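Residue numbers (this note's numbering), protein chains in the order written: chain A, 337 to 690; chain B, 16 to 277.
Glycine included, each C-beta is placed from N, C-alpha and C at the ideal position.
Note that the structure is a prediction, hence the values are computed from the model and not measured.
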Amino acid sequence: MSFLTLTGIQKSYGASKVVKDFDLSVDRGELVTFLGPSGCGKTTTLRMIAGFETPTEGSIRINGKDVTSLRANKRAIGMVFQAYALFPNMTVAQNIGFGLKVAGKPAAEIKLRVDEMLAMIKLPQLADRYPYQLSGGQQQRVSLARALAPSPQILLLDEPLSALDARIRVSLREEIRALQRSLGITTIFVTHDQEEALSMSDRVVVMNEGAIEQVGTPSEIYNAPRTRFVASFVGTLNLIDGKIVDASVGAIDIDGQRATTRRKLNGAKPGDILAMALRPEALRLGAGDADRNTLAGVIEDVSFLGAVVRVRVRLERAAIIVDTFNSGADDLPARGASVAVNFGRDDLIPLLAH
Amino acid sequence: MKGGKFGAWLAVFVGVAYFLAPLVATFEFSLRMRRGEYSFDAYRVVFASGAFQASFLYSTVLAVVTIFVGILIVVPTAYWVQLRLPRLRGIVEFTTLLPLVIPAIVLVFGYIKLYGSSSILPLTSTSLGADALLMFGYVGLGLPYMYRSVETALRSIDVRTLTEAAESQGAGVFTILFHVILPNIRSGILSGAFLTFAIVIGEFTFASLLDRPAFGPYLQLIGASRAYEPSALAIMAFALTWACMGLIQLFGGGPRTSAGKR
């Protein structure tokens, strides 16, 4: 049975519907990420789980109990905010112990738990510091410890890494994931950063304009995006129009050149134009074997990105990006040169219309 | 350039002289009670006066109660407006400014009319009732200062996020207000409190028309009947007000917040 269930959630502010028909089941111990651009409704949905917003319609159940109308302070959730939200008047230890103090735990028990949490976030030496004396990364660690100290049922993380610099962001996300795994706590993570979502999550919920576009494992989301939005939001992508030649064998016409996909074309008829996704890293320069697709074009641009060399190839109307590993060779492909590009039949992904 | 600098210094000098000359003259005059030499006799007489002690104590106690009641009314109101009713901010701000626009004498006549001996709630009929009426009047007079100080302090912290962080930790509204919000707007509350104290301690109109034994009417009485003591009292009132201002500066640093909001 699911630990957290959201059923038919809708949220409107006046005439504006910000979350639409949101259904999701999260298992105990799972880390699910809500991924989407600003204003897609991910934070609003998280806030409804936290109890800071009430759904206009639908229900939220935690561990089988309907909490839709339950106040935030009765839900036993732990929340980490983007802006840390540590209490400025309290020391690190007091911040971490706040929830336990509110719950009326004895002082000795609070101290024990605070020490345990400080050891967990590897900051025992900072117990008596005030938040303004800490760096951003330290503050967010303390915020995490504070959220976890009362042993909440669910941990909610609202873009907790957005305010940190890139290096700390990467190390902290690894720490958060390791902690979440070791504690086995059901966690909802909100982010607009696809790399964070893919690297940390058991499952990713991609949202757009208040609705779920796709739910799946990071691999499913990346390798088998269902919609144009998911495909374009997660990773760099080539979006090209393909004209259906024969749906039964997956034959497609791309800019006058023939290609084949092994993926289902969902009842498309000959002559239909379908949006197709092609990951840049799935493409290789040069003609491919007979079981691979090969398209001919002209090199329009070459960008050296360090580990990757990005080549833009113009077909006729469409241009596609090819990412190749930097092999160390000095001679980069020349602009204006004719080139063949090949890719596997599984790599050409037909997308749903919306 | 040199001329501009000289002009600036001249302006400062004239300004300082304009404010300090009467003060220095008053102080000098307050020291001339004893013929032929300077002394603090006027101050000694004032301090020894039973009427001074009683009226000063009365006004001080009234100021403290006014501050306490003012905080109880203003802090939750400003917090709630900031958190849940931001659209009402304009109306609330306008309302809190009214005591600055409506003359004190109009307010106090309104009070006497509403709470006089022939009204449903005849507060002026008893000493305690009149004291309470005076105190509530002072809460109103101090409202523009108290509300503004508290509101500014609230704006300097992330009220919504701190409230939600505390709620997610299981805290109820009173815990949030007294353990999270209040300590972080202490500077604003203290500023409002000192300003209220400075207003209440020398207020004349309300106290006089409600016939209360406050420090303001005492100052007026002494001013009308003595020579040197009023100057001594004026200097003391200045010192008290400046002490309040100094304390505002001292405690006006505000909290240092983790969210970077000041």
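- Query: Where does B:G85 fall in DSSP's three states?
  - Reply: Looking up residue 85 of chain B in the second sequence gives position 70. In this structure, B:G85 counts as helix in the three-state DSSP scheme.
- Item | Between the CA atoms of A:E636 and A:G622 - distance to the nearest angstrom | As a working note, residue 622 of chain A is residue 286 in the first sequence. As a working note, residue 636 of chain A is residue 300 in the first sequence. Distance between the alpha carbons of A:G622 and A:E636 is about 16 Å.
- Scan the segment 404–415 of chain A for residues whose Cβ lies nearer than 7 Å to a Cβ of chain B and list them as they occur along the chain. A408, N409, I413, G414 and M415
- Beta-carbon proximity list for B:S273, same chain, < 8 Å, skipping 5 on both sides: To locate residue 273 of chain B, count along the second sequence from 1; it is residue 258. In this prediction, B:S273 scores a pLDDT of 46, lower than 50, which makes its location untrustworthy; the coordinate-derived value is nonetheless stated afterwards. There are no such residues.
- Query: When the cut-off is 9 Å and only beta carbons count, does B:G185 lie next to chain A?
  - Reply: Locating residue 185 of chain B in the second sequence gives position 170, counting from the first residue. Taking Cβ atoms only, chain A reaches closer than 9 Å to B:G185, which makes this a yes.
- Item | Chain-order list of residues whose beta-carbon lies under 6 Å from that of A:V403 (same chain, five-residue window excluded) | Translated into the one-based positions of the first sequence, residue 403 of chain A becomes position 67. For A:V403, where only same-chain residues beyond five positions count, the Cβ hits under 6 Å are I396 and R411.
- Hey, how far is the Cα of A:S568 from the Cα of A:A611? As a first step, residue 568 of chain A must be located in the first sequence, where it is residue number 232. As a first step, residue 611 of chain A must be located in the first sequence, where it is residue number 275. Answer to the nearest angstrom: the Cα atoms are 11 Å apart.
- Please decide whether A:A463 counts as near chain B, where near means a Cβ-Cβ distance under 9 Å. Numbered from its first residue, the first sequence carries residue 463 of chain A at position 127. So no, A:A463 is outside the interface.
- Task: Measuring alpha carbon to alpha carbon, tell me which of A:L406, A:V355 and A:G372 ends up nearest A:T392.
- Result: On the first sequence, position 56 is the one that residue 392 of chain A refers to. Closest by alpha carbon: A:V355.
- Query: Can you name the start and end residues of the alpha helix (DSSP H) that A:E736 belongs to?
  - Reply: Nothing about residue 736 of chain A can be reported from this structure: the residues present for chain A run from 337 to 690 only.
- Task: Can you give me the Cβ contacts of B:F42 inside the same chain, cut-off strictly under 7 Å, excluding the 5 residues immediately before and after it?
- Result: Taking the first residue of the second sequence as 1, we reach residue 42 of chain B at position 27. For B:F42, where only same-chain residues beyond five positions count, the Cβ hits under 7 Å are I250.
- Query: Which whole-angstrom value is the C-beta distance of A:A419 and A:A499, which I expect to be below 8 Å?
  - Reply: Here residue 419 of chain A refers to the residue found at position 83 when the first sequence is read from its first residue. Here residue 499 of chain A refers to the residue found at position 163 when the first sequence is read from its first residue. Rounded, the Cβ-Cβ distance is 7 Å, consistent with contact.
- is_contact[B:L177, chain A] using C-beta, thresh 9 Å: In the second sequence, the residue the question calls residue 177 of chain B occupies position 162. So, interface residue.
- If we ignore side chains and look at the alpha-carbon of each, how far apart do A:Q430 and B:F193 end up? Locating residue 430 of chain A in the first sequence gives position 94, where the first residue counts as 1. Locating residue 193 of chain B in the second sequence gives position 178, where the first residue counts as 1. Rounded to the nearest whole angstrom, the CA to CA distance from A:Q430 to B:F193 is 15 Å.
- Message: Out of A:L484, A:N425 and A:I590, which one is the CA nearest neighbour of A:Y468?
- Response: Locating residue 468 of chain A in the first sequence gives position 132, where the first residue counts as 1. Nearest option by C-alpha distance: A:N425.
- Item | 3-residue-minimum beta strand (DSSP E) runs that sit fully inside the segment 478–565 of chain A, ordered along the chain | 490–494, 522–527, 539–544 and 547–552
- From B:R277 to A:V478, what does the alpha carbon distance come to, in whole angstroms? Here residue 277 of chain B refers to the residue found at position 262 when the second sequence is read from its first residue. Here residue 478 of chain A refers to the residue found at position 142 when the first sequence is read from its first residue. Because B:R277 sits at a pLDDT of 38, beneath the cut-off of 50, its placement in the model cannot be relied upon, and the point is left open.
- Helix or strand or just coil, what does DSSP make of A:A673? Translated into the one-based positions of the first sequence, residue 673 of chain A becomes position 337. Coil at A:A673, not helix or strand.
- Cβ-based burial, B:G231 [other Cβ within 10 Å; buried from 16]: By one-based count along the second sequence, residue 231 of chain B stands at place 216. Buried is the call here.
- Message: I'd like the span of the alpha helix (DSSP H) that includes A:G394, first residue to last.
- Response: Against the first sequence, residue 394 of chain A aligns to sequence position 58. Taken as a continuous stretch (DSSP letters only), A:G394 belongs to no alpha helix (DSSP H), being part of the beta strand (DSSP E) at E393 to I398.
- Query: Mind pulling the chain B residues with CB within less than 9 Å of A:V647?
  - Reply: Counted from its first residue, the first sequence places residue 647 of chain A at position 311. By Cβ distance, chain B contributes nothing, its closest Cβ being about 43 Å from A:V647, past 9 Å.
- Chain-ordered neighbours of A:P496 on chain B, where CB pairs are closer than 8 Å: Counted from its first residue, the first sequence places residue 496 of chain A at position 160. In chain order: nothing, as chain B lies at least about 12 Å away.
- Query: By Cβ distance below 8 Å, which residues in the same chain neighbour B:V84 in space, the five residues on each side in sequence not counted?
  - Reply: To locate residue 84 of chain B, count along the second sequence from 1; it is residue 69. Contacts found: M150, F151 and V154.
- Under 7 Å from the C-beta of B:V195: neighbouring residues of chain A: Position 180 of the second sequence, counting from 1, holds the residue named residue 195 of chain B. Result: F423.
- Task: Would you check whether the ligand MN has a heavy atom nearer than 8 Å to the C-beta of A:S395?
- Result: Of the ligands one can find in the structure shown there are none, so the ligand MN has no counterpart to examine.
- A:G350 versus chain B: which residues are under 9 Å apart at the beta carbon? Working through the first sequence from its first residue, we reach residue 350 of chain A at position 14. Going along chain B, no residue has its Cβ under 9 Å from A:G350, so there is no contact; the nearest lies around 13 Å.
- Query: Around the C-beta of A:N409, are 16 or more other C-beta atoms found within 10 angstroms, so that it is buried, or is it exposed?
  - Reply: Within the first sequence, residue 409 of chain A is the residue found at index 73, counting from 1. Result: buried.
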